[in-house]
Every structure is written in structure tokens, then in C-alpha cells.
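Protein chains in written order, with our numbering: chain A, 1094 to 1204; chain B, 328 to 439.
Don't be surprised by glycine CBs; every beta carbon is placed ideally from N, CA and C.
Notes to accompany the following structure.
The structure is reproduced here in C-alpha cells:
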């Protein structure tokens, strides 16, 4: 089985930087996803990390440490439209390619 | 580019009625396909996944079933809906490279 933990809610100010953490315990590891989900909409793919380290995509970056069972999503230059739920999903080993999702972190960006 | 379609977008059905939700993918071949459900205030729950035509794996025992009659078509069905079947149903696909997974727009189902 898998245990995925994310903070339930975070708040931040427009223009600031926020880091959303995700810790996990799995039997083996294939990869870790981050998704953004606005209220009432489907999740939008942000990143997929397989190897340790930081991957940057514009204002969003994702970090992975497999040995520590830890990932974070870093959002820079926050905008009001970044207010959304951020979902961490982890695939365990075995080649099944089935991600298990955490409960998500609700990010509220204030002006 | 790949596109994923789901219909209908919203659905209101009485308890005990049947259900059929359809998902189709364009622009890719032999994708992995997934059905998820997101209940109000809860996380995404995997219901079914498929690695090919006619190959369906169920993750949660319940009154739902899935079928994959064509490579890029995935159908979620029920013979008799329960109140607890209400939720946001999402289809997702994953290509051969396995490094991305995309969701369709979803179907919001309310069972009354």
C-alpha cells in the first residue's frame, strides 16, 4: 500500500513564493506526479519526477528525493489564478503505472 | 496533439437507474486508460484501468463496471445506481512514454 501526505491548506500572498510538500511511503517507486485542480474542473498535469533533483517549468518547479520519500512543488511569482488544489500522486514499483493520489493541498493566494 | 473527450458533462440520475459514461482519446495509440472518481471533499479514487482492448482491472469492488471495446474508447457503466455513486468521474490517459498522464474534462454525476 501507499501513504501519501500533503498539508490540507496553505495561504500565500500574490507575488510571493510558496512550497507545497508531499511525503510518501511506498513499496518501490516508479514516479511522482503533481497536478493543479481548480474548483469544479479536472486536474491539469504539471510534472512527473522519476529521478532525484529539481525540474523547472516556468514559474513551477518540482523536486524529488527518493531516499527521503519527499517531493515539493515550488510556485514562484504567485498570481491570483494559482489559487487551486495541488495534488501529489505516487506510483509504486512493479510496472503497473497506476498513480495513487494524496488528498491535495488547497492553496489560497491573497492580493 | 492528444485530446481526451468525455460525455456527458453533467448528469442527474435517479437511484436504481443505469449509467453509461464514455471516454474517447484522439491522437495516440494503445494508451493506458483510467477511470477515477472524486467525491465531494475527497481525493481521487481509482476505479478501473486498462492497458489494452478488452483488458480491464478493477481497483474497488462496487456496482460499477468498465469496458474497452476499441483502443481509444473506455466506457464506465452501472446497472443500478446508488446514492453513493454521486461524484466527479474523470477519465485519464497515459501514452507509451509513461511520463505524462492527462485527464478528460470529467462528468459530474448526481444520483437523486
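So, is the C-beta of residue 433 of chain B closer than 8 Å to a C-beta in chain A? With respect to chain A, the C-beta atom of residue 433 of chain B has a partner C-beta closer than 8 Å.
So residue 401 of chain B contacts chain A; which residues on that side make the cut at Cβ distance below 8 Å? By Cβ distance, chain A contributes nothing, its closest Cβ being about 15 Å from residue 401 of chain B, past 8 Å.
At least one CB of chain B closer than 8 Å to the CB of residue 1135 of chain A: is that the case? Cβ-Cβ to chain B under 8 Å: yes for residue 1135 of chain A.
Using the Cβ count rule (16 or more neighbours within 10 Å means buried), how would you classify residue 434 of chain B? Buried is the call here.
Of the choices A/1150, A/1175, A/1202, A/1186, whose alpha-carbon is the least far from that of residue 1129 of chain A? Nearest of A/1150, A/1175, A/1202, A/1186 to residue 1129 of chain A, Cα basis: A/1175.
Cβ-Cβ separation, residue 1165 of chain A to residue 1115 of chain A (assumed contact under 8 Å), whole Å: With a beta-carbon spacing of about 7 Å, residue 1115 of chain A and residue 1165 of chain A fall inside the 8 Å limit used to define contacts.
What residue range does the beta strand (DSSP E) around residue 1107 of chain A cover? First-last for residue 1107 of chain A: undefined, no H or E at that position.
Does the beta-carbon distance from residue 408 of chain B to residue 356 of chain B come in below 8 Å? No Cβ-Cβ contact shorter than 8 Å links residue 408 of chain B with residue 356 of chain B.
The region 1136 to 1147 of chain A contacting the region 328 to 338 of chain B, beta-carbon criterion three pairs below 8 Å: These segments do not touch.
Per DSSP, what are the beta-bridge partners of residue 1156 of chain A in this structure? Beta-bridge pairing links residue 1156 of chain A to A/1147, A/1165.
Contact set for residue 381 of chain B: own chain, Cβ-Cβ below 7 Å, skip 5 residues either direction: Once the five neighbours on either side are set aside, the close Cβ partners of residue 381 of chain B are 395.
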